[in-house]
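*Asks:* In our numbering, the protein residues as written are 4 to 489. Sending over a structure as structure tokens; questions will come in a sec.
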Amino acid sequence: MDKAIGSTWVAIIEGKRWPVVLCGEDVTPKKFVALRTDPQHLPAIQLGRRRYLFVHDKMLEEYDHNKTNYTSSLWASHGNEDPRGDGEDLREERQIAFGTDACKFQDDKYWVNFLVEQSKLRKLGRGQQRSSSNSLKRRASVTTEHLAVEEEGHRSQSSIPESKRRRVHAHGSSHRPSTPARTSREHQRRQHSVTGAIQLSGNEVEGETVLENEIVAATNFPGNPHRVTQSVETSTRLAKNSRSTLSLPPARLGPDQCELILPHGEDKYLVINKDIIPKCSYLSTRNPSSSSSSKIDLTHDQRANDVQLVATDFSAVLQFYQTGDIGPRFIINNNNNNNNNKPLQFSPLDLSPDQKAAHVESLAKAYVTAVKIQDENLQHLILQKLQLLGSSSFSSSFSSLSILILASCFSHLAALKTTAHIEKDATENDNDDEISLWVLDLVKNHYWLLVRNHIDELQTLFEHNHSMRRAVYDFLRGNPLGGREG
């Protein structure tokens with residue numbers, strides 16, 4: 004049977020049957036194709052694990068698109084594939100491979116595109132982590148050197164043994180792998196790319212269409228989406244302010260500056276301009292001295308501790324307190340003569356796809372901060388802008404990634420409120436209920452879009468938010484044709 008490019012077949016990989024999509028050399032990374040040692044080795048993408056590998060032309064089995072219980076059929080007809088001997092991760096990946104990926108009936112161009120986008124996300128995430136880590140290492144180095152000078156005169160930091168220097172993690176703890184067992188398991192099951200006797204090179208494949216080592220993995224999300232660390236993605240006009248404001252306390256503050264001391268996070272110090280304080284009720288009520296105060300210590304503030312307030316939370320909303328606005332700019336429709344009922348619109352300069360995605364992320368993170376510091380006006384403004392960004396009046400609604408970011412941020416916020424037992428006033432409850440229901444509707448209505456593009460991250464989200472999972476399940480059970488927007 005002719006093995007057409009883009010068609011789906013079944014290959015035996017490490018003793019197990021997996022669906023694979025055959026790839027054309029015109030879309031496959033050139034450096035990967037260069038690894039081929041036999042003309043009968045065909046480039047392909049292993050579904051489920053979503054990685055490149057070679058398959059032997061004579062070792063492929065025809066994939067039956069009519070089988071709805073493909074994994075069960077395979078296990079029943081091949082005793083050596085009894086799933087009882089498989090680990091949980093392997094069973095889960097094969098279920099995704101046959102039950103989700105293969106059922107999409109997508110060709111090689113779709114999957115190559117998918118791997119490219121996943122690689123870009125990981126590269127962006129690693130860049131942000133490196134930037135944060137380098138900043139923290141410089142800060143730790145300065146602190147260690149300062150202590151050494153105090154204890155032993157002018158002895159340089161280089162004389163301090165490396166083992167005594169504290170290595171600081173970007174999330175505020177001593178550096179260690181977040182989940183050693185999972186990391187080791189992921190490495191072991193991802194490091195192989197074998198089909199029959201074909202062993203891929205361990206070298207990274209980095210070409211025009213693949214940014215990192217796509218042979219090894221293609222489904223990692225840049226960071227845990229449920230641990231929300233406020234990294235601001237905002238307009239360039241405030242980039243300098245955001246970068247220069249978050250730092251160690253300077254030896255001497257300027258006359259117009261005030262130092263915030265936060266109870267959580269490694270970055271416990273934030274220097275802001277004093278004119279921001281009266282614009283933020285949370286800070287003004289905690290600054291009883293006067294406008295001349297150069298320090299606000301929140302270390303023992305109950306609200307700050309309850310909501311785990313960190314310096315980067317404030318970085319997410321500095322734009323609002325500096326300019327009175329945040330995110331994309333509203334403009335007024337001049338064709339409407341009724342000034343009181345002019346529809347809200349955004350400046351066209353703020354609506355490119357990349358800018359829109361960045362706005363969604365920064366607004367979602369800013370909303371989390373607005374709830375933490377109980378700024379109801381800011382919450383209302385952000386909700387208004389998010390809903391307008393996702394409205395049908397635009398040529399395209401939210402991307403699947405934007406919906407996932409929104410769901411992750413508000414899932415994190417809901418978990419924080421539950422564990423901290425935060426007391427909320429009526430207005431805050433109204434805002435939270437409105438945006439929570441809106442985000443839940445986005446997830447329900449775009450469920451299959453999220454499954455296609457971010458199934459691993461969606462599953463992790465549901466594992467951390469059982470109420471969302473139950474709501475989506477009940478919705479799909481009552482609406483078999485639902486969840487197909489996007």
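For every residue, glycine included, the Cβ atom is placed at its ideal position computed from N, Cα and C.
Using CA atoms only, rank isn't needed, just tell me which of Phe101, Tyr285, Leu386 is closest to Ile299.
*Replies:* Of Phe101, Tyr285, Leu386, the residue nearest in Cα terms is Tyr285.
*Asks:* For Phe108, does the three-state DSSP call read helix, strand or coil?
*Replies:* Coil.
*Asks:* Would you list the residues sitting across from Asn276 in a DSSP beta bridge?
*Replies:* Answer is Gln260, bridged to Asn276.
*Asks:* Please list, in chain order, all residues of the same chain as His44 whose beta carbon is under 8 Å from its beta carbon, the five residues on each side excluded.
*Replies:* Only Phe57, Val58, His59, Asp60, Ile201 meet the Cβ criterion.
*Asks:* For Phe401, report the span of its alpha helix (DSSP H) as first-last.
*Replies:* Looking at the DSSP string, Phe401 is not in any alpha helix (DSSP H), and its letter there is neither H nor E.
*Asks:* Starting from the Cα of His449, find the closest Cα among Glu65, Ser403, Asp309 and give me that residue.
*Replies:* Here the closest residue by C-alpha is Ser403.
*Asks:* At the level of alpha carbons, what is the spacing between Val371 and Cys412?
*Replies:* So the alpha carbons of these two residues sit roughly 7 Å apart.
*Asks:* In this structure, how does DSSP classify Pro281 when only helix, strand and coil are distinguished?
*Replies:* Residue state, collapsed to three classes: helix.
*Asks:* Hey, would you say Thr103 sits closer than 8 Å to Tyr66, going by beta carbons?
*Replies:* Contact flag unset, no.
*Asks:* Have a look at Gln98 and Gly51 and give me their C-alpha separation to the nearest angstrom.
*Replies:* Taking the straight line joining both Cα atoms gives about 8 Å.
*Asks:* Spell out the partners DSSP gives Phe57 in its beta bridges.
*Replies:* In the DSSP output, where bridge partners are listed per residue, Phe57 has Pro46.
*Asks:* Looking at the unbroken alpha helix (DSSP H) that takes in Leu464, where does it start and where does it end?
*Replies:* Its alpha helix (DSSP H) spans residues 450-467.
*Asks:* Might you give, ordered along the chain, the residues of its own chain that have their beta carbon closer than 8 Å to the beta carbon of Asn308, omitting 5 neighbours on each side?
*Replies:* Hits under 8 Å: Pro266, His267.
*Asks:* Is Lys271 helix, strand or coil when you go by DSSP?
*Replies:* Lys271 falls in the coil class under three-state DSSP.
*Asks:* Where does Val310 fall in DSSP's three states?
*Replies:* Reduced to three states, the DSSP call for Val310 is coil.
*Asks:* Going by other Cβ atoms of all chains shown within 10 Å of its Cβ, with 16 needed for buried, is Thr288 buried or exposed?
*Replies:* Thr288 comes out exposed.
*Asks:* Can you tell me which of the three DSSP states Thr103 falls into?
*Replies:* Of the three classes helix, strand and coil, the one that applies to Thr103 here is helix, per DSSP.
*Asks:* In chain order, what residues of the same chain lie with their CB nearer than 7 Å to the CB of Lys388, ignoring the 5 residues before and after it?
*Replies:* Answer for Lys388: Gly330, Pro331, Leu366, listed in chain order.
*Asks:* How far does the beta strand (DSSP E) with Lys33 in it reach, from first residue to last?
*Replies:* Here Lys33 belongs to no beta strand (DSSP E); instead the alpha helix (DSSP H) covers 33-36.
*Asks:* Since Trp441 sits in a beta bridge, which residues does DSSP pair it with?
*Replies:* Paired residue(s): none; Trp441 is not in a bridge.
*Asks:* The alpha helix (DSSP H) with Ile385 in it runs from where to where?
*Replies:* It spans 379-392 - the alpha helix (DSSP H) in which Ile385 sits, taken as one unbroken run.
*Asks:* Alpha carbon to alpha carbon, how far is Asp259 from Asn223? Give it in angstroms, no decimals.
*Replies:* For Asn223, the predicted structure reports a pLDDT of 30, less than 50, and the residue's modelled location is therefore unreliable. A value from the coordinates is still provided. Roughly 44 Å between the two C-alpha positions.
*Asks:* Does the distance from the C-beta atom of Ala47 to that of Cys26 stay below 8 Å?
*Replies:* Contact flag set, yes.
*Asks:* Does Thr302 come out as helix, strand or coil in the three-state DSSP assignment?
*Replies:* In the structure shown, Thr302 sits in coil (DSSP, three-state: anything other than H, G, I, E or B).
*Asks:* Please name the residue, chosen from Ile408, Thr315, Phe117, that lies closest to Arg455 on a Cα-to-Cα basis.
*Replies:* Considering only alpha carbons, the answer is Phe117.
*Asks:* Going by the beta-carbon positions, is the gap between Ala474 and Leu443 smaller than 8 Å?
*Replies:* In this structure, Leu443 lies closer than 8 Å to Ala474 by Cβ.
*Asks:* Taking all protein chains shown into account, decide if Phe108 is buried (16 or more other Cβ within 10 angstroms of its Cβ) or exposed.
*Replies:* So Phe108 counts as exposed.
*Asks:* Quick one: measure Cβ to Cβ for Ser414 and Met471, integer angstroms, because I've assumed they're closer than 8 Å.
*Replies:* Rounded, the Cβ-Cβ distance is 6 Å, consistent with contact.
*Asks:* Please list, in chain order, all residues of the same chain as Thr302 whose beta carbon is under 7 Å from its beta carbon, the five residues on each side excluded.
*Replies:* Excluding positions up to five away in sequence, the list reads Ile264, Pro266.
*Asks:* On the three-state DSSP scale, how would you describe Pro22?
*Replies:* Note: Pro22 maps to strand in three-state DSSP.
*Asks:* What residue range is occupied by the uninterrupted beta strand (DSSP E) comprising Thr11?
*Replies:* Element bounds for Thr11: 11-16.
*Asks:* Mind reading off the beta-carbon distance from Leu273 to Phe317? Whole number of angstroms is fine, and I expect it under 8 Å.
*Replies:* Indeed, because the Cβ distance is near 6 Å, the residues count as touching under 8 Å.
*Asks:* Could you give the distance in angstroms between the alpha-carbon of Arg20 and the alpha-carbon of Leu479?
*Replies:* Roughly 30 Å separates the two Cα atoms.
*Asks:* Nearest to Ser323 by CA position, among Leu381, Asn290, Lys375, Ile376, is which residue?
*Replies:* In the sequence on display, residue 323 carries Phe and not Ser. The candidate whose alpha carbon is nearest that of Phe323 is Leu381.
*Asks:* Exposed or buried, what is Pro32 when buried is set at 16 or more other beta-carbons lying within 10 Å of its beta-carbon?
*Replies:* Per the 10 Å Cβ criterion, buried.
*Asks:* Going by alpha carbons, who is nearest to Asp111 out of Val36, Thr315, Asp29?
*Replies:* The option with the nearest alpha carbon to Asp111 is Asp29.
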